[in-house]
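The structure appears below as structure tokens.
Residue numbers (the numbering used here): 663 to 749.
Structure, rendered in structure tokens:
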């Protein structure tokens, strides 16, 4: 079971890193267009969408907590290193 858990953790790590790369690109695009990076309505929509897709055993509260932390982390990790998006 430990091998299965670490394999799953490695997939989670890869998924978080892929998300950071995508968000950094989006952040660069928004910066180049003079747009605000944070879109609270979009974040609220994502929370609702993921809650509807969640089949457990993760609770809605747990999902909200994890996703909130992920959004905060993503904003921090992409804040200083984001280049402007190409043309």
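Where is the CB? At the ideal position from N, CA and C, for every residue including glycine.
- Per DSSP, reduced to three states, the secondary structure at residue 720 is coil, with no helix or strand assignment.
- Counting C-beta pairs with one atom in each stretch, the region 732 to 740 and the region 675 to 692 have three or more that are closer than 8 Å, which means they touch.
- Look at residue 701 here: in three-state DSSP terms it is coil, with no helix or strand label.
- The three-state reading of DSSP puts residue 696 in coil, since its state is none of H, G, I, E or B.
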